[in-house]
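Student:
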C-alpha cells in the first residue's frame with residue numbers, strides 16, 4: 151500500500167484525447183508555433199493561402215528556409231467583486247494586449263533556430279496592472295537533430311523555450327495569462343516509433359515589465375528532469391503520458 155502511494159506521488163498518468171488529424175497534408179496552426187512544419191510549401195502548387203509567401207521563404211540552398219509568424223490578441227476583462235469585494239474594485243474593466251512575432255530558420259534537415267518576441271500590455275486596470283512585459287525574447291533556441299531515421303530520432307534543444315506536456319495541468323506555457331511562460335535550459339527528445347521520451351533541465355524565466363529584462367528564476371526552481379511517454383499503442387484515440 152505504501153509502495154502504491156509512493157508511485158502515485160512520483161508518477162502522474164494523464165490520458166488526453168488525441169487531436170483530430172487534418173484531412174489533408176497541409177500544415178495547421180499549432181499552440182506551439184515551433185511544432186509547425188511548412189516545408190510542404192516548397193512546392194508552389196501547394197500554396198493556396200495569401201500568407202503562404204511568408205510561411206516558406208527560401209534561403210538559397212536546398213532544405214534551407216525561414217517561416218515568419220505572428221499573433222495579435224486583444225482581450226477585455228471586467229470582474230464583478232474580485233476578491234469578494236476586498237481591495238480596489240474595477241467598475242470599467244481593462245484591456246489586455248499581446249503581440250508576438252516569430253521566425254523559424256531551417257538550415258537543412260538537422261539544424262534549426264527558432265526565435266519569438268513578445269509584448270504583453272494592459273490598459274485601464276484599477277489597482278495596478280496584471281503581469282505585463284513591454285518587450286522581451288519569449289523564445290530563442292537551437293535544435294540539433296542528432297539522428298533522423300524512419301523509426302527513431304534524437305533531437306537536442308538548447309535555449310529559451312516553451313514547454314507543454316499532456317493536458318497542460320502540470321507543465322504548460324500558461325496560454326490563458328497575458329504573458330506566456332518560458333523556460334531556459336536544455337531538452338532532449340527521443341522518439342522510438344509511437345513512443346516519445348523527453349528529458350529536461352530547465353529554469354523558469356521570471357517576467358519583468360521592462361524591455362529585454364526577463365531573467366531566469368532562482369536555481370532552486372530548476373526542473374531538472376521530466377519524462378514523458380506518449381503512445382497510441384494501447385488505444386486508437388488516446389495518448390498515455392507518464393511524468394516522473
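Residue numbers (this note's numbering): 151 to 394.
All residues carry an ideal CB built from backbone N, CA and C; glycine is no exception.
So if DSSP puts residue 299 in a beta bridge, which residue, or which two residues, is it bridged to?
Tutor: Bridge partners of residue 299: none, in fact.
Student: What does DSSP give as the partner residue(s) for residue 244 in the beta ladder?
Tutor: Residue 244 pairs with 227.
Student: Going by DSSP, name the residue or residues bridged to residue 272.
Tutor: Answer by DSSP bridge pairing, in chain order: 246.
Student: What residues match up with residue 255 in a beta bridge as DSSP calls it?
Tutor: Looking at the DSSP output, residue 255 sits in a beta bridge with 216, 263.
Student: Where does the unbroken beta strand (DSSP E) through residue 202 begin, and where does it stop?
Tutor: Looking at the DSSP string, residue 202 is not in any beta strand (DSSP E); the run it does join, the alpha helix (DSSP H), is 202-205.
Student: I'd like to confirm the pairing. Which residues does DSSP put opposite residue 291 in its beta bridges?
Tutor: 264, 309
Student: Buried or exposed for residue 184, going by 16 or more other Cβ atoms inside 10 Å?
Tutor: Burial call: buried.
Student: According to the Cβ coordinates, are residue 213 and residue 259 closer than 8 Å?
Tutor: yes
Student: With DSSP as the reference, label residue 354 as helix, strand or coil.
Tutor: strand
Student: Could you give the C-beta distance for residue 291 and residue 310, rounded to a whole number, given that I count them as a contact under 8 Å?
Tutor: 6 Å
Student: Ordered along the chain, which non-local residues of its own chain (more than five positions away) have a Cβ less than 7 Å from that of residue 197?
Tutor: If we look at residue 197 and ignore the five residues flanking it on each side, its Cβ neighbours are 191.
Student: Going by the CB atoms, is the gap between residue 275 and residue 244 shorter than 8 Å?
Tutor: yes
Student: Three-state secondary structure (DSSP) at residue 333?
Tutor: Note: residue 333 maps to strand in three-state DSSP.
Student: Are residue 337 and residue 307 touching if we call contact CB-CB under 8 Å?
Tutor: yes
Student: Can you list, in chain order, the residues of its chain with a C-beta nearer than 6 Å to that of residue 262? Leave out the 5 residues immediately preceding and following it.
Tutor: 256, 293
Student: Residue 312 and residue 341 - do their beta-carbons sit closer together than 8 Å?
Tutor: no
Student: Going straight from the alpha carbon of residue 239 to that of residue 333, what length do you get?
Tutor: Taking the straight line joining both Cα atoms gives about 34 Å.
Student: Mind checking whether the beta-carbon of residue 221 lies closer than 7 Å to any heavy atom of the ligand FMN?
Tutor: As presented, the structure is devoid of all ligands, the ligand FMN included, so that no description of it is given.
Student: Rank 209, 363, 343 by C-alpha distance to the C-alpha of residue 268 and give the top, closest one.
Tutor: Answer by Cα proximity: 363.
Student: Can you check DSSP and say which residues form a bridge with residue 347?
Tutor: 340
Student: Taking Cβ positions, are residue 265 and residue 328 nearer each other than 8 Å?
Tutor: no
Student: Residues in its own chain within less than 6 Å of residue 171 by CB, not counting five upstream and five downstream?
Tutor: Caution applies to residue 171, whose pLDDT of 40 falls short of 50 and renders its modelled position unreliable; the value that the coordinates give is listed next. Counting only Cβ-Cβ distances below 6 Å, and skipping sequence neighbours, we find nothing.
Student: Determine the burial state of residue 353: buried for a count of at least 16 other Cβ atoms within 10 Å of its Cβ, exposed for fewer.
Tutor: buried
Student: Grab me the residues of residue 229's own chain with a C-beta within less than 6 Å of its C-beta, minus the 5 sequence neighbours each way, in chain order.
Tutor: none
Student: Report buried or exposed for residue 357, applying the criterion of at least 16 other Cβ atoms within 10 angstroms of its Cβ.
Tutor: buried
Student: Mapping the DSSP letters down to three states, classify residue 319 as helix, strand or coil.
Tutor: coil
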